[in-house]
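Undergrad:
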Amino acid sequence: MEVLTKEKAKLERGGVDFDKGSGGLGGEGGGSPEGALPIHTGEIGLWALLATITMLFAGFTSAYVVRRASSDWQPIAVPSLLWFNTALLLSSSVTLEVARSFLKRWRLEALKGWLVVTALLGMAFIAGQLLAWRQLAAQGVYLPTSPHSSFFFVLTGVHAVHLLGGVLALCYALVQAWRFHYTPVHHDPLALCATYWHFVDGLWIYLFLMLFVW
Amino acid sequence: MAKVHEPHVAHAPQSFIRRYIFSTDHKVIGIQYYVTAMLTGVVAGILAMLVRLNLAWPAHEWPLLGKLFPVGMEFGVMKPEFYISLFTMHGTLMVFFVLSLAPVSGFGNFLIPLQIGARDMAYPFLNALSYWTVLPGVIIMLSSFFAEGGAAAAGWTSYAPLSAVQEAIPGSGMGQTLWIIGMVFFIASFTMGGLNFVTTIINLRTKGMSMRRLPLTVWALFLVAILGLLAFPALTAAAVMLLFDRHFGTSFFLPAGMYVGDKLLAHQGGTPLLWQHLFWFLGHPEVYILMLPAMGFTSDIIATFSRRPIFSYPVMVLSMVAIGGLSFVVWGHHMFLSGMSPYLGMAFTVTTLVIAIPSAVKTFNWLATLWRAKIEFTAPMLFALGIVSLFVTGGLSGIFLGSAAADIPLHDTYFVVAHFHFIMAGASLFGVFAATYYWFPKMFGRMMNSKLGKLHFWLTFVAYYSTFFPMHYLGIGGMMRRIYDPTVYQYLAPMQPVNVFITLSAFVLGAAQLLFLFNFFWSVYKGKKAEQNPWNANTLEWTAASPPPHGNWEGPLPTVHRWPYDYSVPDVSDDYIPQSVSPAEVQARKKG
């Protein structure tokens, strides 16, 4: 076990000089190289994707800042359900880490169980967001009611779409676990999935702060 | 396939559909992109011809065209709203679906694995998916011509409020909606492509292929991928908000007190300027997404055909990095007349003019590479030199437009049309041609006809200048960029002969492209068989067969020992040393 972990660390660091090319096996393509890569292919792709999503929300943020400065800005009240939803999403990040800790201890049954819990929490968050939309609509606050409500509906919607992508990724990681595709060394889909999940989680905190605290 | 046992070489799929249609091979996908862009380019070119036809003879009756376009040209006379959708779609298709797709997605996919020594892209499936995402985008975009009210008609920039109110003009209805959806497909595809490019170039370089040994083409495509990933999301955000303004009654871009006809719109408080900011935050880097690949191709082609190492390689890379970085902080120069604070305008003027420095550095480095070289004037080389020429011409007019004070009288005139047709459209179009003539042997295993190629160059080059250069004068004379009939203004009427001249030149330019299309399709089937390395070039793709097999190299991947520009090295018998040649082999080749 000790040896495996060390080997894994070596794999992750790569031990290959970035500037000298990846060294032979790096060039095999196909996304499933058998040899050592300096950085996991999936990891670079994922971080590039996160940069893109960050820019998407930076675009929305700048629009929000500009629009907020106009004279017709009327803030809407925080739908009370949002606090609960936020708690759900935060706890899903915790359960995901619990799941990953069981992988390290090689308890696959617990891993699967906690992954299911995480995915359910994610789905519950999305359902909760839908309910919050209903809550607002019941108060007579709709999409075109005020600029603030427009931003609320659009941003929560776009965020939910990204979270749904995370749920799909989580399902994929779960299927991989079911098929015993993980070893203590090789568990890429789960690690990548976790990075994405925490990112979307953090993104929600950011949006919540921007929409209601700022 | 091969006697060599290579455990990692995947076998090519056997069925026709998996092999040529839903292929995951980067070369097939690259060619799919290229051909798609080429056919879209034919459509976009015809649109330009119609635009020019009307500008030379405004509102003239053309009975035959009336039969072809029964709605847009009823009784053979072009309607103003049809004219607007013509140039809108010409711009949109050319910028995104031709000049982004062909050099970036087309040649990028084809060349990156071959030039860095990889068997395929990092995510072959994502790559195929990106092509099959952009194709519906093209179809949706084109189908808007058949929508009620005609195609989108708010210009390729789709400024709000014109694009944000459904009832504004006929093209603002279904046509504009299809425009937005088509763009979303394009952005999704381009993002997938960008993720693939970045990952592949960082991670799949073969042994010895350091970042400092990458061909400049790969450097350009690497930067383009990063620009695309960081710039396009701004347009995605804007497009989402535009859709909501149009269809769900929000007011992101629509101010209060807007009337359509005599109906007051319910929207209030939005800012049309916001669209301009978000659009140009993408729009300006997009210009460099078109330009940078052409710069990369030119550098490689100029080095090959002047048999000289590219002058000052690290500076070439750095100047591309500088251009890419600066492109994010200059978007305001498109908006000097949108009510910007003069201090902010000054800041944008400065950042814009600073781009002239790395651009001039690149130009002088190309000239220094050519200086006293034995230049082979092949078709790709002629087009590469054409890029340098167009880049300088367009760059000089850019200095006028980049200065806020000079831009005020020139804004939205034909001076702008002339400027961007030289630098962004022309240089990148010539880049596509140069790359096609240069890499065609690798793509199809045959040579294009070189005499036809040279004729194509001279006709295109001369017609290009005579089409777009006089537009500078029209612009200084005050002719508006999107005007339907310049003769209605007394002060523009005397310049009408110039418009006729431009139109005739444009027709020659359009006709000259038929030569290229003929040469291309004829050479695919009947061209002379190409050798492995017909240009005696150094980069890795020329060490693979023409065309390369599935997996690119039959044996093991090549190992890289040097940079790609070892041409005319003193005391070596050949005048080129490919990247895969080891120092020991060079020693053996020494004279005497």
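Chains as they are written, first to last, in this note's numbering: chain Z, 1 to 214; chain U, 215 to 806. Idealized CB from N, CA, C, for every residue including glycine. If you're wondering where the values come from, they're calculated on a predicted model, not measured in any experiment.
1) Leaving out the 5 sequence neighbours to the left and right, which residues in its chain are closer than 8 Å to U/Gln482 when beta-carbon positions are compared?
2) Name, please, each residue of chain Z whose Cβ falls closer than 7 Å to the Cβ of U/Ala451.
3) DSSP on Z/Thr281, reduced to helix/strand/coil?
4) Residue ranges of each beta strand (DSSP E) run of no fewer than 3 residues wholly in the segment 558 to 593 of chain U, ordered along the chain?
5) Take Z/Ala152 as the anchor and find which of Z/Leu50, Z/Trp73 and Z/Trp47 has the nearest alpha-carbon.
6) Let me see if you follow: with CB-CB separation under 9 Å, is Z/Gly166 close to chain U or not?
7) Taking all protein chains shown into account, decide if U/Met685 is buried (16 or more other Cβ within 10 angstroms of its Cβ) or exposed.
8) Just the chain Z side, please: which residues come within less than 7 Å of U/Tyr527 by C-beta, in chain order?
9) State the DSSP-derived secondary structure class of U/Leu706, mapped to helix, strand or coil.
10) Answer with buried or exposed for U/Gly689, where buried requires no fewer than 16 other C-beta atoms within 10 angstroms of its C-beta.
11) Hey, would you say U/Val646 sits closer than 9 Å to U/Leu443, going by beta carbons?
12) Closer than 9 Å, CB to CB, is Z/Trp73 near chain U or not?
13) Residues of chain Z with a CB under 9 Å from the CB of U/Gly483: which are they?
14) Any C-beta of chain U sitting closer than 9 Å to the C-beta of Z/Arg134?
15) Run through the segment 387 to 463 of chain U for me and flag every whole alpha helix (DSSP H) of 4 or more residues, listed as ranges in chain order.
16) Under 9 Å between C-beta atoms, does U/Gly667 make it to chain Z?
17) Are U/Pro277 and U/Phe289 closer than 9 Å when you measure CB to CB?
18) Could you spell out the range, first to last residue, of the alpha helix (DSSP H) harbouring U/Thr302?
19) If we count the other Cβ atoms within 10 Å of its Cβ and call it buried at 16 or more, is U/Arg419 buried or exposed?
20) Comparing alpha-carbon positions, which option in U/Ala598, U/Gln710 and U/Gln228 lies nearest U/Ala270?
21) With a threshold of 16 other CB atoms inside 10 Å of the CB of Z/Asp201, please say whether the residue is buried or exposed.
22) For Z/Gly21, decide whether its Cβ has a neighbour in chain U, counting only Cβ atoms nearer than 9 Å.
23) Look up U/Met694 in the DSSP assignment and say whether it is helix, strand or coil.
24) Does the beta-carbon distance from U/Leu409 to Z/Gly165 come in below 9 Å?
25) Answer with yes or no whether the minimum CB distance from Z/Thr52 to chain U is below 9 Å.
26) Taking U/Ile537 and U/Ser513 to be in contact with their CB atoms under 8 Å, please state how far apart those CB atoms are, rounded to whole angstroms.
27) Can a CB atom of chain U be found closer than 9 Å to the CB of Z/Ala137?
28) What is the rounded straight-line gap between the Cα of U/Phe715 and the Cα of U/Leu267?
29) Looking only at its own chain, which residues have a Cβ that is under 8 Å from the Cβ of U/Gly322, when we skip the five neighbours before and after it?
30) How many angstroms separate the CA atom of U/Gly724 from the CA atom of U/Met263?
31) Can you tell me where the alpha helix (DSSP H) holding U/Pro523 begins and where it ends?
32) Would you mind stating whether U/Gly351 and U/Ala365 have Cβ atoms separated by less than 9 Å?
33) From the DSSP output, which residues share a beta bridge with U/Tyr790?
34) How about Z/Val158: is its C-beta nearer than 9 Å to some C-beta of chain A?
35) Answer with buried or exposed for U/Leu596, where buried requires no fewer than 16 other C-beta atoms within 10 angstroms of its C-beta.
36) Give me the chain U residues within the contact set of Z/Ala191, using Cβ-Cβ distance strictly less than 7 Å, ordered along the chain.
TA: Walking through what the data contain:
1) Against the second sequence, residue 482 of chain U aligns to sequence position 268. Only Ser465, Leu468, Pro469, Ala470 and Gly471 meet the Cβ criterion.
2) Within the second sequence, residue 451 of chain U is the residue found at index 237, counting from 1. Within chain Z, the residues near U/Ala451 are Leu56, Gly59, Phe60 and Ala63.
3) Since the first residue of chain Z shown is 1 and the last is 214, residue 281 of chain Z is not available in this structure.
4) Counting whole runs of 3 or more residues, the segment 558 to 593 of chain U contains no beta strand (DSSP E) stretch at all.
5) As a working mapping, residue 152 of chain Z is identified with position 152 in the first sequence. Note that residue 152 of chain Z is Phe in the sequence shown here, rather than Ala. When C-alpha distances from Z/Phe152 are compared across Z/Leu50, Z/Trp73 and Z/Trp47, the shortest belongs to Z/Trp73.
6) The count along the first sequence starts at 1 and reaches residue 166 of chain Z at position 166. No - not a single Cβ of chain U is within 9 Å of the one on Z/Gly166.
7) As a working note, residue 685 of chain U is residue 471 in the second sequence. That one is buried.
8) Within the second sequence, numbered from 1, the residue matching residue 527 of chain U stands at position 313. Under the 7 Å cutoff, chain Z gives no residues; its nearest Cβ is about 15 Å from U/Tyr527.
9) The residue given as residue 706 of chain U occupies position 492 in the second sequence. It is coil, neither helix nor strand.
10) As a first step, residue 689 of chain U is located in the second sequence; it is residue number 475 there, counting from the start. Buried.
11) Taking the first residue of the second sequence as 1, we reach residue 646 of chain U at position 432. Taking the first residue of the second sequence as 1, we reach residue 443 of chain U at position 229. Cβ atoms of U/Val646 and U/Leu443: not closer than 9 Å.
12) One-based indexing of the first sequence puts residue 73 of chain Z at position 73. Closer than 9 Å: yes.
13) Residue mapping note: residue 483 of chain U aligns to position 269 of the second sequence, counting from 1. Proximity of chain Z to U/Gly483 at the Cβ level (cut-off 9 Å) is accounted for by Arg67, Ser70, Ser71, Asp72, Trp73, Ser146 and Pro147, in chain order.
14) Within the first sequence, numbered from 1, the residue matching residue 134 of chain Z stands at position 134. When Cβ-Cβ separations below 9 Å define contact, Z/Arg134 makes no contact with chain U.
15) Counting whole runs of 4 or more residues, the segment 387 to 463 of chain U contains the alpha helix (DSSP H) stretches 388 to 417 and 430 to 461.
16) Here residue 667 of chain U is taken as the residue at index 453 of the second sequence, counted from 1. Among the residues facing chain Z, U/Gly667 is not included, as its CB has no counterpart in that chain under 9 Å away.
17) Residue numbering aside, residue 277 of chain U sits at position 63 when the second sequence is read from its first letter. Residue numbering aside, residue 289 of chain U sits at position 75 when the second sequence is read from its first letter. Taking a C-beta distance under 9 Å as the contact criterion, U/Pro277 and U/Phe289 qualify as a contact pair.
18) Here residue 302 of chain U corresponds to residue number 88 of the second sequence, with the count starting at 1. Bounds of the alpha helix (DSSP H) holding U/Thr302 are Pro294 to Thr306.
19) Against the second sequence, residue 419 of chain U aligns to sequence position 205. Under this definition U/Arg419 is a buried residue.
20) The count along the second sequence starts at 1 and reaches residue 270 of chain U at position 56. Comparing C-alpha distances from U/Ala270 to each of U/Ala598, U/Gln710 and U/Gln228 shows the shortest one belongs to U/Gln710.
21) The residue you call residue 201 of chain Z lines up with position 201 of the first sequence. By the 10 Å Cβ count, Z/Asp201 comes out buried.
22) In the first sequence, the residue the question calls residue 21 of chain Z occupies position 21. With a pLDDT of only 42 at Z/Gly21, under the threshold of 50, the placement of this residue in the model should not be trusted, and no figure is reported.
23) Here the question's residue 694 of chain U lines up with position 480 in the second sequence. Under the three-state reduction of DSSP output, U/Met694 falls in the strand class.
24) Along the second sequence, one-based indexing puts residue 409 of chain U at 195. Along the first sequence, one-based indexing puts residue 165 of chain Z at 165. Contact: no.
25) As a working note, residue 52 of chain Z is residue 52 in the first sequence. Interface residue, yes.
26) For this step, residue 537 of chain U is matched to residue 323 along the second sequence. For this step, residue 513 of chain U is matched to residue 299 along the second sequence. The beta-carbon separation of U/Ile537 and U/Ser513, rounded to 13 Å, does not stay under the 8 Å limit for a contact.
27) For this step, residue 137 of chain Z is matched to residue 137 along the first sequence. So, not an interface residue.
28) Within the second sequence, numbered from 1, the residue matching residue 715 of chain U stands at position 501. Within the second sequence, numbered from 1, the residue matching residue 267 of chain U stands at position 53. Going from the Cα of U/Phe715 to the Cα of U/Leu267 covers about 11 Å.
29) The residue you call residue 322 of chain U lines up with position 108 of the second sequence. By the criterion of a C-beta distance shorter than 8 Å, U/Gly322 is surrounded in its chain by Gly244, Gly407, Phe411, Leu435, Val438, Ala439 and Pro507, once the five residues flanking it on both sides are discounted.
30) As a position in the second sequence, residue 724 of chain U is number 510, starting the count at 1. As a position in the second sequence, residue 263 of chain U is number 49, starting the count at 1. Going by the C-alpha atoms only, they are around 8 Å apart.
31) On the second sequence, residue 523 of chain U is found 309 positions in, with the first residue counted as 1. U/Pro523 -> no alpha helix (DSSP H), and no H or E assigned at all.
32) Numbered from 1 along the second sequence, position 137 holds the residue referred to as residue 351 of chain U. Numbered from 1 along the second sequence, position 151 holds the residue referred to as residue 365 of chain U. For U/Gly351 and U/Ala365, no; Cβs fall outside 9 Å.
33) The residue you call residue 790 of chain U lines up with position 576 of the second sequence. Paired residues: U/Tyr781.
34) Going by chain labels, chain A is absent from the structure shown, which instead holds the protein chains Z and U.
35) Walking along the second sequence from the start, residue 596 of chain U turns up at place 382. Answer is buried; the Cβ neighbour count reaches 16.
36) On the first sequence, position 191 is the one that residue 191 of chain Z refers to. Counting only Cβ-Cβ distances below 7 Å, Z/Ala191 has no contacts in chain U at all, with the closest Cβ about 16 Å away.
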